[in-house]
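Everything on this sheet refers to the single structure shown next.
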Amino acid sequence: MDLALARSIVTVAAFVTFIGIVVWAWSGARRERFEAAAKLPLEDDEPQRPRGGGVAAPSDHGSMR
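Numbering (numbering that gives the first Met the number 0), first residue to last: 0 to 64.
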């Protein structure tokens with residue numbers, strides 16, 4: 000086996016692997032899962048509850064004395 004044949008085999012194997020990944024990713028069985036994952040960056044996190052019993056204390060930030 001010469002070097003050119005080995006390179007050709009590796010190229011064909013990589014291309015077949017790429018096509019397999021594309022078919023796997025675009026198959027209908029995974030559509031809902033991928034759509035849910037695509038929306039994750041746009042969803043809000045759970046709201047933060049203030050510390051100290053749930054009542055927010057007034058802030059002195061920005062006031063001049």
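Backbone N, C-alpha and C define an ideal beta-carbon position, used for all residues, glycine too. Remember, it's a predicted structure, so these values are computed and weren't measured experimentally.
- The DSSP-derived three-state label of S7 is helix.
- Distance from the CA atom of S26 to the CA atom of I8, rounded to whole angstroms, is 27 angstroms.
- Boundaries of the alpha helix (DSSP H) harbouring A36: 30-38, taken from the DSSP string.
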